[in-house]
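When we follow numbering that gives the first Met the number 0, the leftmost residue of the sequence shown carries the number 0, and every step to the right adds one. Positions of the beta carbon are idealized from the N, C-alpha and C atoms, including for glycine. Notes for the one structure printed next.
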Amino acid sequence: MSETKIKSRFVDNGDSTVTDTRKKLMWAKDDTWVKLGKLVSWWQGQEYIQELNDQKFAGYSDWRFPNRGEAHELYNPELSNTDMEGCETHIDPVFTSGCGYTTWTTETRGAKAAMGYDFRADYEFWMARENIGFPSG
């Protein structure tokens with residue numbers, strides 16, 4: 000698939016959101032690192048998402064973490080963006096540069112763990128929900 004077709008999958012809506020035309024999903028263009036300048040725990044990410052919903056960010060009140068498959072679908076080794084550490088991350092450059100390279104997901108294990116996904120290296124892993132290790136949103 001050509002890079003042009005890959006890039007056209009994601010459309011900047013001009014309202015701080017991005018639409019995935021293939022999966023029919025809307026994403027926040029900026030994560031918590033870009034918006035707040037900090038990494039967040041799974042719980043803090045949930046609070047941030049609740050604030051977006053309460054504010055009806057971009058006219059919607061159903062914002063949430065991506066599930067495992069949705070997070071994986073954002074990864075594309077043919078695309079390049081720059082993360083908060085100046086390293087290459089493989090998400091569409093329509094998302095804001097300087098973003099985080101990981102995200103929390105909806106996948107949980109028991110009361111204490113949640114799955115994270117890494118956009119530098121295309122892998123998922125489990126961490127304590129209290130761990131302040133990911134930008135989210």
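Can you check the segment 9-38 for any alpha helix (DSSP H) of at least 4 residues that lies completely inside it and give the ranges in chain order? Whole alpha helix (DSSP H) segments, 4+ residues: 31-35.
Which two residues bound the contiguous alpha helix (DSSP H) that contains arginine 108? Taking the first residue of the sequence shown as position 1, residue 108 is located at position 109. In the DSSP assignment, arginine 108 falls outside any alpha helix (DSSP H) and within the unbroken beta strand (DSSP E) covering 101-108.
To the nearest angstrom, report how far apart phenylalanine 94 and lysine 111 are at their CA atoms. In the sequence shown, residue 94 corresponds to position 95, counting from 1. In the sequence shown, residue 111 corresponds to position 112, counting from 1. Taking the straight line joining both Cα atoms gives about 30 Å.
Starting from cysteine 98, follow its DSSP beta bridges and name the residues at the other end. Here residue 98 refers to the residue found at position 99 when the sequence shown is read from its first residue. Beta-bridge pairing links cysteine 98 to Asp82.
Spatial distance of serine 7 from serine 79 (CA atoms): On the sequence shown, residue 7 is found 8 positions in, with the first residue counted as 1. On the sequence shown, residue 79 is found 80 positions in, with the first residue counted as 1. Rounded to the nearest angstrom, the gap between the Cα atoms of serine 7 and serine 79 is 14 Å.
Considering only their Cβ atoms, is the gap separating aspartate 117 from tyrosine 100 smaller than 8 Å? Within the sequence shown, residue 100 is the residue found at index 101, counting from 1. Within the sequence shown, residue 117 is the residue found at index 118, counting from 1. With respect to aspartate 117, tyrosine 100 sits close: the two C-beta atoms are nearer than 8 Å.
Does DSSP classify isoleucine 131 as helix, strand or coil? Residue mapping note: residue 131 aligns to position 132 of the sequence shown, counting from 1. In the displayed model, isoleucine 131 falls within coil according to three-state DSSP, outside both helix and strand.
On a CA-only basis, which of Ala127, Gln43, Pro92 is nearest asparagine 75? Give me that one, please. What you label residue 75 is simply residue 76 of the sequence shown in a count that begins at 1. Nearest option by C-alpha distance: Pro92.
Roughly how many angstroms lie between the CA atoms of glutamate 84 and tryptophan 125, to the nearest whole one? Along the sequence shown, one-based indexing puts residue 84 at 85. Along the sequence shown, one-based indexing puts residue 125 at 126. Cα to Cα, glutamate 84 sits roughly 22 Å from tryptophan 125.
DSSP on phenylalanine 159, reduced to helix/strand/coil? Any answer about residue 159 is impossible in this case: the structure gives the chain only from 0 up to 136.
If I follow the unbroken alpha helix (DSSP H) through aspartate 53, where does it start and stop? Taking the sequence shown and counting its residues from 1, one reaches residue 53 at position 54. Where aspartate 53 is concerned, the enclosing alpha helix (DSSP H) stretches over 41-53.
Give the DSSP-derived three-state secondary structure of phenylalanine 56 in the structure shown. Numbered from its first residue, the sequence shown carries residue 56 at position 57. If DSSP states are grouped into helix, strand and coil, phenylalanine 56 belongs with the helices.
Taking aspartate 61 as the reference, which of Asn12, Lys37, Tyr47 has the closest Cα? As a working mapping, residue 61 is identified with position 62 in the sequence shown. If we check each option's Cα against that of aspartate 61, Tyr47 comes out closest.
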